[in-house]
Structures are given as C-alpha cells and as structure tokens.
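Residue numbers (this note's numbering), protein chains in the order written: chain A, 1 to 240; chain P, 1 to 232. All C-beta atoms in this analysis are idealised placements derived from N, C-alpha and C, irrespective of residue type, glycine included. Values in this document were obtained by computation on a predicted structure and should not be read as measured data. Some notes on the structure that comes next.
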C-alpha cells in the first residue's frame with residue numbers, strides 16, 4: 001500500500017533519513033521505534049508529505065506521491081494522521097472538528113457528516129462532548145477525538161506520530177485501547193511510539209530506526225526477545 | 001465673569017454665525033468617509049499581502065515575497081504626507097479627480113502595509129500544528145488558511161488592528177494638503193474667518209476624540225465577543 005524507495009531527507013547538512021526502502025502492506029500494523037533524533041517521526045511525516053523528501057520516491061496505492069503532478073491534497077484524504085500534540089481546532093466544537101473536512105471537501109453533506117460524527121463519538125463514549133470546545137477536554141479525550149476526526153474521512157491508512165507522548169500517564173490507556181480496536185478492525189496503521197507493550201501486542205512488524213536508517217525489523221516476538229542489532233539491544237535494555 | 005463671557009463668545013463665533021456648524025459636519029463627513037474607505041482598502045490590501053507573503057514562502061516563490069516586502073518597506077519607510085502628495089500629483093494630472101477618493105485610496109494603500117504586518121504576526125502566532133492538521137485532512141494551503149488559521153488569528157490580530165485604525169483616523173487630518181476639506185481643514189477655514197483659530201481647533205480635536213473613543217469601545221465589545229468562543 002505504501003512503498004518508499006531510497007527515501008532521503010536532510011535539513012541543511014543534517015541527514016535525517018538516510019535511504020529508507022520500506023513496504024507497508026494493506027492491513028499491516030507497523031510500529032516504528034527508536035531513540036530520539038533517529039528520524040522516525042520524519043519518516044512518518046514524509047509518508048503524507050508533511051515533510052518533503054530530499055530524495056527518493058514514495059508510492060501510495062500505485063501513485064508516486066513524490067511526483068510533482070500528484071495531487072497530494074486528494075491523496076492525504078486517504079491517509080489519516082494523528083499528532084503528538086493532538087492539533088484539534090480550538091475555535092471549533094468537537095463535532096465541527098470532526099465534520100469540517102468531510103463537509104468542506106464535499107465528501108459528505110452536513111447531515112451525513114453530523115450523523116457520522118455522532119456515531120464516532122458514541123463509539124468512544126464522548127457523545128455528550130459534541131458541542132464542547134477542545135479546551136474543555138482532557139488530553140486523552142482530545143487525542144481520541146483527534147483519532148476519530150481522522151477516521152471521519154474514511155482513510156485507508158492511519159499514521160500515528162507519538163500519539164501518547166504528550167499525555168498524562170493515566171490517559172495513555174484509553175488512547176491505546178482505541179488504537180488497538182482500530183487495529184483489530186483491520187485498519188492499516190503506521191505508529192511511531194515509545195509504548196513497547198502496544199508494539200508487542202498490536203504490531204505485525206516492528207521497525208527499529210537509528211541514525212536515519214531502519215537497522216532492524218522483525219515480528220514483535222522476535223524483536224523483543226531476540227534482538228540482533230547491538231544498538232537495538234542497548235536501546236531495549238534502557239527502555240524495558 | 002468677563003473671561004467666561006469671552007470664551008462663550010469665541011465658541012459661539014466659531015459655530016453659530018453663518019451656520020458654521022455645518023462646515024464642521026461636512027468636514028466630519030469627509031473625515032469619516034476617508035477613514036472608512038481607507039480602512040476597507042487597508043484591510044483588503046493587508047489580507048491579500050499577508051496571505052500572498054505566507055503563500056509565497058510556502059511555495060518557495062521568492063519573487064512574490066520580495067514584491068510584498070518592497071511594498072511594505074517603501075510604505076513604512078516614507079512619510080505619509082509625502083506619499084499623499086506623490087499620489088495626488090500622479091493622479092491629479094486630469095482636472096476632475098475626486099480628492100476625497102484619491103485621499104482614501106492613498107490612506108488605504110498606506111494602512112495596508114501596516115495591516116499586512118499585523119496580520120502576518122497574527123498568522124505566525126498560530127501553532128504550526130494547526131496548519132499540519134488541516135493539510136493532513138486534505139485541505140490545500142489556502143483552505144487551511146481560510147478555515148483554520150485565519151479564524152484563530154483574528155483574535156490576536158484585532159487589538160493591534162484597532163490601534164492601526166485609530167492611528168489612521170487621526171492621520172487623515174493631513175488630507176487637507178490635497179485640498180480635501182476634512183474636519184481639520186474645516187476648522188482652519190473657520191478660524192481664518194473669525195480671526196480666532198483656537199476654538200475651532202479645539203472643537204475639531206473633541207470630534208476626533210469622540211470618534212476614537214467610540215471606535216475603541218466598539219473594538220472592546222468585539223474582542224470580548226470573540227474571546228467568548230475559547231473560554232467556556
């Protein structure tokens with residue numbers, strides 16, 4: 001579904017991604033871990049071109065999205081993204097946050113989108129917050145709403161950029177539960193996270209990034225129990 | 001009581017004989033009309049330039065960015081009165097131009113530079129994540145600007161914009177040099193008739209004060225209404 005070919009990204013002289021060749025298949029849940037500065041967030045943000053790669057290609061469902069002719073705005077509709085800082089729109093109510101894109105992009109009528117929003121809010125048990133503003137919500141609630149805001153676009157793949165890193169510890173669970181549910185429903189997911197338990201439980205494949213490269217990747221079981229790369233072993237010994 | 005009587009007489013002379021109060025009202029009308037038109041022109045230019053500048057940066061169109069900067073620097077770096085004279089003499093080669101419109105356009109072009117910088121600062125005060133969130137949902141750059149960034153930026157922009165309008169209204173008092181009979185000019189005319197310049201000038205000053213205070217009040221109400229949205 002997503003293929004990257006020799007993906008490189010540098011900021012000035014600093015090489016952040018150093019040639020990444022990766023294929024993410026439909027329905028796969030890929031978890032990316034690595035020390036800070038390893039390029040894992042940059043890699044994720046390149047997948048929907050929030051960062052413009054310096055070199056290389058990214059293919060999404062038979063379209064080369066790094067091609068100048070590709071309409072990235074249309075392609076992004078199919079790629080939901082969840083941010084560390086939630087990035088809800090503070091001037092809109094929760095319901096408006098969810099319906100804004102589907103309605104303004106002409107994918108749904110206002111009524112349809114409203115119905116869908118309520119459905120999604122029911123699913124996460126926050127339907128009574130539909131008319132609330134984001135500042136009235138807890139971090140966990142904000143992030144779950146950010147997730148269903150992305151889901152309202154019916155994306156083919158969901159990209160998560162450290163979705164629990166900005167949360168108070170007691171709120172991490174509710175967000176991971178929702179992500180686990182999504183995974184069980186077969187959503188294709190790419191998740192950058194520090195939640196090793198989540199990686200172990202949900203991932204089909206875990207990637208370890210270091211210095212702009214994917215230095216090891218395997219099934220979660222193999223990854224955590226039998227790491228071969230010395231950098232990974234050192235990393236795991238620190239975080240586990 | 002002699003001085004009080006004299007004072008009364010001066011102000012009486014400055015307003016009532018020959019229906020002189022009508023001159024103030026006409027001057028006031030001209031001042032308000034110039035200000036209003038200039039504010040509208042200034043806002044339009046300001047928004048366009050600010051968005052162009054941000055867009056140019058986003059799409060790496062350096063030349064557009066440069067053009068915007070040249071406009072802003074030239075306008076901010078030269079005196080308003082000189083700009084007014086240049087534009088007036090540029091346009092006034094044909095004899096039947098409307099000075100009022102020329103003045104309004106000139107003040108508008110001047111204000112636009114300041115407004116664009118105010119708006120740019122307002123746009124930049126919004127977290128980068130908002131643009132990213134908008135883009136990641138499939139909005140293009142301008143849609144994200146319109147639907148997500150600008151509505152939030154307005155709250156930060158409004159106080160500074162209010163200041164700019166207050167300054168603008170007061171600056172229109174130099175419009176007299178291009179033969180617009182605005183409030184200040186009207187007061188000067190009356191003063192030259194009565195041989196007593198101070199009373200009409202004080203009356204004019206009071207009029208400006210009332211307009212500016214009214215505008216401040218209006219802006220405060222507006223700001224309060226806007227901030228209701230985010231502090232529930």
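Determine the direct distance from the alpha carbon of residue 50 of chain P to that of residue 74 of chain P, and round the result to whole angstroms. Numbered from its first residue, the second chain carries residue 74 of chain P at position 74. Numbered from its first residue, the second chain carries residue 50 of chain P at position 50. Near 16 Å, if we compare the C-alpha coordinates of residue 50 of chain P and residue 74 of chain P.
Report all residues from its chain with a CB closer than 8 Å to the CB of residue 22 of chain P; omit the five preceding and five following residues, and keep chain order. Position 22 of the second chain holds residue 22 of chain P. Hits under 8 Å: none found.
Quick one: complete beta strand (DSSP E) runs, 3+ long, within the stretch 159-220 of chain P? none
I'd like to confirm the pairing. Which residues does DSSP put opposite residue 9 of chain A in its beta bridges? For this step, residue 9 of chain A is matched to residue 9 along the first chain. Paired residue(s): A:17.
Assuming contact is defined by CB atoms lying nearer than 8 Å, are residue 41 of chain P and residue 113 of chain P in contact in what I supplied? In the second chain, counting from the first residue as 1, residue 41 of chain P sits at position 41. In the second chain, counting from the first residue as 1, residue 113 of chain P sits at position 113. No. Outside cutoff.
Give the straight-line distance between the Cα atoms of residue 204 of chain P and residue 175 of chain P, rounded to the nearest whole angstrom. Residue numbering aside, residue 204 of chain P sits at position 204 when the second chain is read from its first letter. Residue numbering aside, residue 175 of chain P sits at position 175 when the second chain is read from its first letter. For residue 204 of chain P and residue 175 of chain P, the distance between alpha carbons rounds to 14 Å.
What is the DSSP secondary structure of residue 11 of chain P, counted as helix, strand or coil? As a first step, residue 11 of chain P is located in the second chain; it is residue number 11 there, counting from the start. Residue 11 of chain P falls in the helix class under three-state DSSP.
State buried or exposed for residue 227 of chain A, treating a residue as buried only when at least 16 other CB atoms are found within 10 Å of its CB. Residue numbering aside, residue 227 of chain A sits at position 227 when the first chain is read from its first letter. That one is buried.
In chain order, which alpha helix (DSSP H) runs of at least 4 residues are fully inside the stretch 96-149 of chain A? 110-123
For residue 161 of chain A, count neighbouring C-beta atoms within 10 Å of its own C-beta (all shown protein chains included) and say buried if the count is 16 or more, exposed if not. Within the first chain, the letter at position 161 stands for residue 161 of chain A. By the 10 Å Cβ count, residue 161 of chain A comes out buried.
Taking the C-alpha atoms as reference points, what is the distance between residue 151 of chain P and residue 168 of chain P? Taking the first residue of the second chain as 1, we reach residue 151 of chain P at position 151. Taking the first residue of the second chain as 1, we reach residue 168 of chain P at position 168. Taking the straight line joining both Cα atoms gives about 24 Å.
State the start and end residues of the unbroken alpha helix (DSSP H) segment that holds residue 161 of chain A. For this step, residue 161 of chain A is matched to residue 161 along the first chain. Element bounds for residue 161 of chain A: not the alpha helix (DSSP H) but the beta strand (DSSP E), 157-161.
For the ligand PLP, any of its heavy atoms closer than 7 Å to the Cβ of residue 146 of chain A? Questions concerning the ligand PLP fall outside what the structure shown contains, since it holds no ligand whatsoever.
On the premise that residue 124 of chain A lies in contact with residue 98 of chain A, defined as a C-beta separation below 8 Å, what is that separation, rounded to the nearest angstrom? In the first chain, the residue the question calls residue 98 of chain A occupies position 98. In the first chain, the residue the question calls residue 124 of chain A occupies position 124. Contact doesn't hold; Cβ gap of about 11 Å is too wide.
Within 8 Å, strictly: CB atoms of residue 130 of chain A and residue 87 of chain A: Counting from one through the first chain, the residue named residue 130 of chain A turns up at place 130. Counting from one through the first chain, the residue named residue 87 of chain A turns up at place 87. Contact flag unset, no.
Within chain P, the residues that residue 104 of chain A reaches when beta carbons sit closer than 8 Å: For the purposes of this step, residue 104 of chain A is taken as residue 104 along the first chain, with counting starting at 1. The contacting residues are 139, 143, 147.
CB contact below 8 Å: residue 159 of chain P versus chain A: In the second chain, the residue the question calls residue 159 of chain P occupies position 159. Not an interface residue.
C-alpha gap between residue 125 of chain P and residue 218 of chain P, whole angstroms: In the second chain, the residue the question calls residue 125 of chain P occupies position 125. In the second chain, the residue the question calls residue 218 of chain P occupies position 218. If I take the Cα positions, the gap works out to 24 Å.
Would residue 196 of chain A and residue 240 of chain A be called neighbours here (beta carbons separated by less than 8 Å)? Sequence index remark: in the first chain, residue 196 of chain A carries index 196 (1-based). Sequence index remark: in the first chain, residue 240 of chain A carries index 240 (1-based). A contact, by the Cβ cut-off of 8 Å.
Residue 80 of chain A - partner residues in DSSP beta bridges: Within the first chain, residue 80 of chain A is the residue found at index 80, counting from 1. For residue 80 of chain A, which the question treats as bridged, DSSP gives the partners A:158.
Buried or exposed: residue 172 of chain P, going by 16 or more other Cβ atoms within 10 Å of its Cβ? Position 172 of the second chain, counted from the first residue, corresponds to residue 172 of chain P. Classification for residue 172 of chain P: buried.
Assigned secondary structure, residue 100 of chain P (DSSP; H/G/I helix, E/B strand, else coil): Here residue 100 of chain P is taken as the residue at index 100 of the second chain, counted from 1. Correct three-state label for residue 100 of chain P: helix.
Counting only beta-carbon separations shorter than 8 Å, does residue 101 of chain A have a partner in chain P? For the purposes of this step, residue 101 of chain A is taken as the residue at position 101 of the first chain. Interface residue, yes.
Within 10 angstroms of the Cβ of residue 241 of chain A, are there 16 or more other Cβ atoms? Answer buried if so, exposed if not. Residue numbering for chain A in the displayed model covers 1 to 240; residue 241 of chain A lies beyond these limits and cannot be assessed.
Can you list, in chain order, the residues of its chain whose CB lies under 6 Å from that of residue 3 of chain A, leaving out five sequence neighbours each side? Within the first chain, the letter at position 3 stands for residue 3 of chain A. The residues are 23, 59.
When DSSP labels each residue in this structure, what does residue 208 of chain A get in the three-state scheme? Counted from its first residue, the first chain places residue 208 of chain A at position 208. Correct three-state label for residue 208 of chain A: strand.
Quick check on the DSSP output: the alpha helix (DSSP H) that includes residue 164 of chain A runs from which residue to which? Sequence index remark: in the first chain, residue 164 of chain A carries index 164 (1-based). Note, residue 164 of chain A: premise wrong, no alpha helix (DSSP H); not H, not E.
Verify whether the separation of the beta carbon atoms of residue 33 of chain P and residue 100 of chain P is less than 8 Å. The count along the second chain starts at 1 and reaches residue 33 of chain P at position 33. The count along the second chain starts at 1 and reaches residue 100 of chain P at position 100. Cβ distance < 8 Å, so residue 33 of chain P and residue 100 of chain P count as in contact.
Leaving aside the five residues before and after residue 232 of chain P along the sequence, list all residues of the same chain whose C-beta is less than 7 Å from its C-beta, in chain order. In the second chain, residue 232 of chain P corresponds to position 232, counting from 1. Confidence is the limiting factor: at residue 232 of chain P the pLDDT is only 44, short of 50, which leaves the residue's position unreliable, though a coordinate-based value still follows. Excluding sequence neighbours, residue 232 of chain P sits near nothing in its chain.
What did DSSP end up calling residue 60 of chain P once you bin it into helix, strand or coil? The residue you call residue 60 of chain P lines up with position 60 of the second chain. Coil at residue 60 of chain P, not helix or strand.
Per DSSP, the bridge partner or partners of residue 32 of chain A: In the first chain, residue 32 of chain A corresponds to position 32, counting from 1. For residue 32 of chain A, which the question treats as bridged, DSSP gives the partners A:192, A:207.
Could you tell me which of A:152, A:121, A:141, A:135 sits nearest to residue 138 of chain P, measuring between CA atoms? Against the second chain, residue 138 of chain P aligns to sequence position 138. For the residues A:152, A:121, A:141, A:135, the minimum Cα distance to residue 138 of chain P belongs to A:152.
Check whether the Cβ atoms of residue 6 of chain A and residue 19 of chain A sit closer than 8 Å, and answer yes or no. The sequence position of residue 6 of chain A within the first chain is 6, counting from 1. The sequence position of residue 19 of chain A within the first chain is 19, counting from 1. Closer than 8 Å, so yes.
Residue 250 of chain P and residue 212 of chain P closer than 8 Å at C-beta: The shown model of chain P, from 1 to 232, leaves out residue 250 of chain P, and the question about it has no answer.
Give the secondary structure of residue 232 of chain P by DSSP, where H, G and I count as helix, E and B as strand, and everything else as coil. Along the second chain, read from residue 1 onward, the residue named residue 232 of chain P stands at position 232. Per-residue confidence for residue 232 of chain P stands at a pLDDT of 44, beneath the threshold of 50, marking its modelled position as unreliable; the derived number appears in the next sentence. Of the three classes helix, strand and coil, the one that applies to residue 232 of chain P here is coil, per DSSP.
Please say whether residue 47 of chain A and residue 190 of chain A have beta carbons closer to each other than 8 Å? The residue you call residue 190 of chain A lines up with position 190 of the first chain. The residue you call residue 47 of chain A lines up with position 47 of the first chain. A contact, by the Cβ cut-off of 8 Å.
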